[in-house]
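As structure tokens, the structure follows; a few thoughts come after it.
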Amino acid sequence: MKKSAVLIAGGCIMMLLSSCRDQVKAESYKNSGKGTPLTAGATGDNSETSLDWNGTYKGILPCADCEGIETALTLTKESTYLLESRYRGKGKQIYVEQGTFSWNTQGNTIQLSGGKDGLGKYFVGENMLIQLDRSGQRVSGALADNYILKKTGLTMAIVSDATLTETYWKLTEVMGKPLKTSAMQKREAHLILKKDGSRVQGFGGCNTFFGSYGLNPGNRIHFDKIASTMMACPDMETESGFFKVLQMADNYAIQGDKLQLNKARMAPLAKFEAVYLK
């Protein structure tokens with residue numbers, strides 16, 4: 378009789394333990410999915426205490442009426458933040474917000490002081506921030522990964538696009554080949570598009586050139602009546618390629634301080650970098 382009682386009691390204990398384990402697994406699974414509240418365990422280790430979270434995070438967040446929100450969020454150990462945002466396709470203005478942030482009780486989510494109506498919540502992961510919805514849940518669906526900001530080594534993550542005109546554009550690549558400056562070359566190859574009279578001028582690597590250009594909607598561009606001095610140099614390959622680009626290019630693209638001249642949808646014909654003269 379005693380033996381039977383022991384066996385029955387042991388069986389009950391095993392069933393109870395198994396039930397507890399299943400319940401823990403179910404809770405873990407439920408809380409790990411997208412679209413559910415992100416919570417931490419009741420241990421002393423959490424994002425606030427265990428991760429190197431201070432720094433700058435960058436990404437392009439979804440936007441209902443623009444091409445995306447270029448976002449850079451910098452967090453400091455003093456619980457202050459700097460949020461920089463630019464709406465792609467709606468001009469070059471950068472919106473800047475500064476304030477403080479606070480952690481939730483689990484130590485895994487921050488709330489920006491400037492966030493209104495439940496916005497400004499971010500789950501803090503290793504080298505990333507995940508923007509949460511108004512109820513503090515991760516956004517689900519096909520765009521879920523687009524709400525992630527990744528940590529960078531930059532302190533200023535957003536750079537306003539350089540302007541096409543009145544900028545000194547240094548040539549860095551021609552026909553897929555990085556530019557190699559000759560030791561005998563005294564000046565770098567470059568071009569400048571002047572607003573006044575739609576004139577273009579520059580240096581090809583050996584000769585100075587000048588001419589005109591025209592712009593059309595959709596980043597369309599064409600160069601006309603390009604002429605140059607007639608000096609001879611030991612290496613004319615770069616200049617020849619540069620002048621060919623000016624004949625072929627029909628569109629351009631600018632991102633940050635980088636310019637590309639293209640032909641239709643082919644690979645870039647030439648790449649340039651903005652140089653800001655002091």
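Residue 378 is where the sequence shown starts when you use this note's numbering, and the numbers rise one by one after that.
Positions of the beta carbon are idealized from the N, C-alpha and C atoms, including for glycine.
For GLN632, no alpha helix (DSSP H) run applies; the uninterrupted beta strand (DSSP E) run containing it begins and ends at 628–632, by DSSP. Counting only residues of its own chain and dropping the five nearest sequence neighbours on each side, ASP627 has a CB closer than 8 Å to the CB of ARG597, ILE598, HIS599, ASN639, LYS640, ALA641. Sorting SER575, LEU459, GLU550 by C-alpha distance to the C-alpha of GLU565 places GLU550 at the top. Between LEU452 and GLY432, the C-beta spacing is below 8 Å.
When DSSP states are grouped into helix, strand and coil, LYS493 belongs to the coil group. Excluding five sequence positions before and after ALA630, the CB atoms of its chain that fall closer than 7 Å to its own CB belong to ASN596, GLN637, ASN639, given in chain order. Taking each of ALA539, GLU650, ALA651, VAL622 in turn and checking the Cα distance to ALA644, the smallest one comes out for VAL622. Here SER512 carries a coil assignment [DSSP, helix/strand/coil].
The beta-carbon distance between HIS567 and LEU548, rounded to whole angstroms, is 6 Å. This is short enough to meet the 8 Å contact definition. A residue is called buried once 16 or more other Cβ atoms fall within 10 Å of its Cβ, and THR426, having fewer, is exposed. If only complete runs of 3 or more residues are kept, the segment 417–465 shows the beta strand (DSSP E) at 432–438, 446–452, 457–464, in order along the chain.
Per DSSP, the continuous alpha helix (DSSP H) segment holding GLN624 begins and ends at 614–625. Taking C-alpha positions only, ARG463 is separated from LYS469 by approximately 7 Å. Counting along the chain, the unbroken beta strand (DSSP E) around ALA604 starts and ends at 597–605. Nearest to ALA647 by alpha-carbon distance, out of GLY476, ASP422, LEU556, is LEU556.
Secondary structure at SER589: strand, using DSSP grouped into helix, strand and coil. ASN423 and GLY484 have their C-alpha atoms some 6 Å from each other. Of the residues assessed, ASN593 falls on the exposed side of the cut-off, its CB having fewer than 16 other CB atoms within 10 angstroms. Under the 8 Å Cβ criterion, the segment 573–583 does not count as touching the segment 508–523, having fewer than three qualifying pairs.
Taking a C-beta distance under 8 Å as the contact criterion, TYR434 and LEU496 do not qualify as a contact pair. About 15 Å separates the Cβ atoms of LEU489 and TYR524, ruling out a contact at the 8 Å cut-off.
Around the beta carbon of GLU455, fewer than 16 other beta carbons sit within 10 angstroms, so the residue counts as exposed. Between the alpha carbons of GLY476 and LEU450 lies a gap of roughly 11 Å.
When DSSP states are grouped into helix, strand and coil, ALA651 belongs to the strand group. Spanning the alpha carbons of LEU570 and MET613 requires a straight line of approximately 23 Å. For ARG465, the CB contacts under 7 Å within the same chain, skipping 5 residues up- and downstream, are CYS443, GLU444, GLY445, GLU447 in chain order.
In the three-state scheme derived from DSSP, where H, G and I count as helix and E and B as strand, SER575 is classed as helix.
In the three-state DSSP reduction, ASN485 falls in the coil class, being neither helix nor strand.
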